[in-house]
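Participant: Please see the structure below; I have some questions.
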């Protein structure tokens, strides 16, 4: 063909695809391959170790040409449509591109990665297709993949090769044997410890199917049930899990898409985990239990899915520190920060096997417990949890307040631990107006807010359990903290609260998003809250996509950094919730719309862990942060806290009462439906419609005895019933 455009190589594409099930997750390219190039983060990972570091498909000894690839909205199945490049012979094209169609599919289930290759010959002549899979396993610890260097490593054991399987093994310095088992069906023409080679004879329109099963659990009994049986069982499990979530959708299709993806992402971070109903933090770097992340995700999802909060509370109560261990920053009553199971964690090369270096997880644990009871009225569970709440309170008052000044602060206790122990845990995230780093011990502004909210929550729980004296004492402690906080942290010339107090009680006079968390906790006075709100939505803090972690113009502001000017969806949802509590719902709506617009540009409509804080530019999407986790549980949960904030949703489980306090919908979301919003006594379907500056609320269906109340902007509440 005189003007034929030859295709000699597959185009480059650095967009990663992610699958996760329990302790197994995979990061791969849009073809489905695992490559060693780029950032080097691709692989098949199991319990903190990379079990497959390379997996490359070749057709006629060349990479296939990608047509399209995606992951189902429920995050279950990856599918790529591929075809052949031009296959040359002598001086001509023997097999034109597009002759062969390959549909490649993969999913994870029960510690196994299942792959299917379905070939169809659309040519007019028979094809003899040679295709191969090259693979390798470096058994690198996740911290090695992140960039840490180890002086010594374990050893690779002898590879085992049989007619239809390969077993790759590694014995770590922790004396644990880790294995990757690759089984293929049908039997390949040639098999070795690094490659599978097949030949496929295809008549015109003929289809041929091949399967791979890649297992990472050396303790598992390998009686493969096969791809077809596995996919049926796995789909059933996914379907059951998704059906537990209420349905939210809007007349704005992009908003509905964001909601669907977010539900699926939260579900993916939980399904298959041995810790029941506990969302792992994020893929790839944090696919494990994190205390703070789990608590905040549970708070974001609480009004919709209270069982997540219960799962998080149960697990964190069971791992609460009982004794001192400074190597892992443990103190009696302290709540877990992070749990790891890789080789480096087992050997203590990193302290994160069971690590307690966070200052905020413990008060947030109490906040979640109080919020869970309010949402569910589950008195029996709270009675079981109460000893752990008391231990947490003791930590706050005794070990959290190092110098007895009434503020909770932190200082690094382990040389291998985190220097900064708030949610912004980069080494340079806490600083003074001139850019100098704050000296420990450090009292963060938002942590004082969390402690204030924790003491009020514990007071309400004490009253529920019949201890009025303790209730009164906790309320007095909270009020004293509030008064002292206002005096110590307020910066009148900045119209916001100081980021922190350093070890000399000197204010870190920096405008940050941390102050928005103080609004969420309710510790701010009403007049100062309004000033904080205006500061957060000012042009130096609000980029157009969201609120920056650090405002432009501050000494260490860098919109490309991890914590000093970037934009985090979960951070913005907490800020928006705080704004709504102080009657600034229009500002909360601006944040919602900014993140909604950002989701339009995100791959698969999924908001990542963070993105860069550069100013929004017309016709362009937000600038991506190169090593952000995606998905990230609390980023996925952000949209639900944003919706709760705008609608003013609160659910009183004990009385089975649902309140919508002065509901607000931003202009971009004219109509919204929530179906299956439940209490212990039933469920309701609710419809919201924006009418000028007001929102009409209508109950469209109701099952059981539930009181639904709406309070319009005028302030008079109305009980809603189906007409």
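Residue numbers (this note's numbering): 16 to 738. By construction, the Cβ of each residue, glycine as well, lies at the ideal position given by its N, Cα and C atoms. Every value quoted in this text rests on a predicted model; they were computed, and no experiment measured them.
1. I'd like the span of the alpha helix (DSSP H) that includes residue 325, first residue to last.
2. Can you look up residue 638 in the DSSP assignment and give me helix, strand or coil?
3. Output the residue ranges of the alpha helix (DSSP H) runs that lie fully inside the region 567 to 628 and measure 4 residues or longer, sorted by chain position.
4. Would you give the residue range spanned by the beta strand (DSSP E) that residue 433 belongs to?
5. Going along the chain, which residues of its own chain have a beta-carbon closer than 8 Å to the beta-carbon of residue 220, five neighbours each way excluded?
6. Name the two residues that bound the continuous alpha helix (DSSP H) containing residue 409.
7. What are the boundary residues of the alpha helix (DSSP H) that includes residue 529?
8. Cβ atoms of residue 345 and residue 339: under 8 Å apart, would you say?
9. Using the beta-carbon count (16 or more within 10 Å), is residue 315 buried or exposed?
10. Quick one: what's got a C-beta closer than 8 Å to residue 718's C-beta in the same chain, skipping five residues either side?
11. With distances taken from CA atoms, which of 342, 380, 379 is nearest residue 365?
12. Going by CA-CA distance only, name the one from 408, 398, 396, 397 that's closest to residue 349.
13. Could you pull out every residue in the same chain whose Cβ sits closer than 7 Å to the Cβ of residue 736, ignoring the five residues on either side in sequence?
14. May I have a chain-ordered list of the beta strand (DSSP E) segments no shorter than 3 residues that lie completely inside the region 197 to 255?
15. Use the C-beta contact count for residue 720: other C-beta atoms within 10 angstroms, 16 or more gives buried, fewer gives exposed.
16. Roughly how many angstroms separate the alpha carbons of residue 98 and residue 222, rounded to a whole number?
17. Leaving out five residues before and five after residue 173 in sequence, what residues of the same chain have Cβ atoms less than 8 Å from its Cβ?
18. Tell me whether residue 340 sits in a helix, a strand or coil according to DSSP, three-state version.
19. Can you give me the C-alpha to C-alpha distance between residue 128 and residue 634, rounded to a whole angstrom?
20. Near residue 611, which residues of its chain fall below 7 Å by C-beta distance, leaving aside the five closest residues on each side in sequence?
21. What residue from 509, 61, 206, 153 has the CA that sits closest to residue 547's CA?
22. Quick check on this structure: which residue in 622, 648, 321, 76 has the alpha carbon closest to the alpha carbon of residue 636?
23. In terms of alpha-carbon separation, which member of 572, 650, 166, 503 lies closest to residue 446?
24. For residue 604 versus residue 681, is the C-beta spacing smaller than 8 Å?
25. Given that a residue counts as buried once 16 or more other Cβ atoms are within 10 Å of its Cβ, and exposed if not, what is residue 226?
26. Note down the Cα distance separating residue 31 from residue 91, rounded to an integer number of angstroms.
27. How long is the line joining the alpha carbons of residue 176 and residue 211, rounded to whole angstroms?
28. Answer yes or no: do residue 213 and residue 302 have a C-beta to C-beta separation smaller than 8 Å?
29. Taking only runs that begin and end inside the region 67 to 96, name each unbroken beta strand (DSSP E) of 3 or more residues, in chain order.
30. Quick one: Cα of residue 64 to Cα of residue 551, how far?
31. In whole angstroms, what separates the C-alpha of residue 704 from that of residue 676?
32. Between residue 580 and residue 565, is the Cβ-Cβ spacing less than 8 Å?
33. Does the beta-carbon distance from residue 562 to residue 606 come in below 8 Å?
Facilitator: Taking the definition as stated:
1. Taking the first residue of the chain shown as 1, we reach residue 325 at position 310. Run containing residue 325: 321 to 333, per the alpha helix (DSSP H) assignment.
2. As a working mapping, residue 638 is identified with position 623 in the chain shown. Residue 638: coil per DSSP, three-state reduction.
3. 584 to 596, 600 to 616
4. For this step, residue 433 is matched to residue 418 along the chain shown. Here residue 433 belongs to no beta strand (DSSP E), and DSSP marks it neither H nor E.
5. Position 205 of the chain shown, counted from the first residue, corresponds to residue 220. 135, 136, 137, listed in sequence order.
6. The residue you call residue 409 lines up with position 394 of the chain shown. It spans 394 to 409 - the alpha helix (DSSP H) in which residue 409 sits, taken as one unbroken run.
7. In the chain shown, residue 529 corresponds to position 514, counting from 1. From DSSP, the alpha helix (DSSP H) with residue 529 extends over 529 to 536.
8. In the chain shown, counting from the first residue as 1, residue 339 sits at position 324. In the chain shown, counting from the first residue as 1, residue 345 sits at position 330. Yes.
9. Counting from 1 along the chain shown, the entry for residue 315 is found at position 300. Looking at its Cβ environment, which holds 16 or more other Cβ atoms inside 10 Å, residue 315 is buried.
10. Taking the first residue of the chain shown as 1, we reach residue 718 at position 703. For residue 718, where only same-chain residues beyond five positions count, the Cβ hits under 8 Å are 697, 698, 699.
11. If you number the chain shown from 1, residue 365 lands on position 350. Per the Cα distances, 342.
12. Locating residue 349 in the chain shown gives position 334, where the first residue counts as 1. Of the candidates 408, 398, 396, 397, the one whose C-alpha sits nearest the C-alpha of residue 349 is 408.
13. Translated into positions along the chain shown, residue 736 becomes position 721. Here the set comprises 714.
14. 210 to 217, 222 to 230
15. On the chain shown, position 705 is the one that residue 720 refers to. Under this definition residue 720 is an exposed residue.
16. The residue given as residue 98 occupies position 83 in the chain shown. The residue given as residue 222 occupies position 207 in the chain shown. In a straight line, the C-alpha of residue 98 is about 14 Å away from that of residue 222.
17. By 1-based counting over the chain shown, the position of residue 173 is 158. Here the set comprises 184.
18. For the purposes of this step, residue 340 is identified with residue 325 of the chain shown, where counting begins at 1. Residue state, collapsed to three classes: strand.
19. For this step, residue 128 is matched to residue 113 along the chain shown. For this step, residue 634 is matched to residue 619 along the chain shown. Each residue's alpha carbon lies about 39 Å from the other.
20. Here the question's residue 611 lines up with position 596 in the chain shown. Around residue 611: 269, 270, 273, 683.
21. As a position in the chain shown, residue 547 is number 532, starting the count at 1. Comparing Cα positions, the closest option is 509.
22. Counting from 1 along the chain shown, the entry for residue 636 is found at position 621. The shortest Cα separation from residue 636 among 622, 648, 321, 76 belongs to 622.
23. Within the chain shown, residue 446 is the residue found at index 431, counting from 1. Here the closest residue by C-alpha is 572.
24. Locating residue 604 in the chain shown gives position 589, where the first residue counts as 1. Locating residue 681 in the chain shown gives position 666, where the first residue counts as 1. Cβ distance < 8 Å, so residue 604 and residue 681 count as in contact.
25. Here residue 226 is taken as the residue at index 211 of the chain shown, counted from 1. Flag for residue 226 reads buried.
26. Residue 31 sits at position 16 when you count from the first residue of the chain shown. Residue 91 sits at position 76 when you count from the first residue of the chain shown. Distance between the alpha carbons of residue 31 and residue 91: 16 Å.
27. The sequence position of residue 176 within the chain shown is 161, counting from 1. The sequence position of residue 211 within the chain shown is 196, counting from 1. For residue 176 and residue 211, the distance between alpha carbons rounds to 11 Å.
28. As a first step, residue 213 must be located in the chain shown, where it is residue number 198. As a first step, residue 302 must be located in the chain shown, where it is residue number 287. Going by C-beta atoms, residue 213 is not nearer than 8 Å to residue 302.
29. 69 to 74, 80 to 86
30. For the purposes of this step, residue 64 is identified with residue 49 of the chain shown, where counting begins at 1. For the purposes of this step, residue 551 is identified with residue 536 of the chain shown, where counting begins at 1. One C-alpha to the other measures close to 41 Å.
31. Residue numbering aside, residue 704 sits at position 689 when the chain shown is read from its first letter. Residue numbering aside, residue 676 sits at position 661 when the chain shown is read from its first letter. The alpha-carbon atoms of residue 704 and residue 676 are separated by roughly 15 Å.
32. The residue given as residue 580 occupies position 565 in the chain shown. The residue given as residue 565 occupies position 550 in the chain shown. Contact flag set, yes.
33. Locating residue 562 in the chain shown gives position 547, where the first residue counts as 1. Locating residue 606 in the chain shown gives position 591, where the first residue counts as 1. In this structure, residue 606 lies closer than 8 Å to residue 562 by Cβ.
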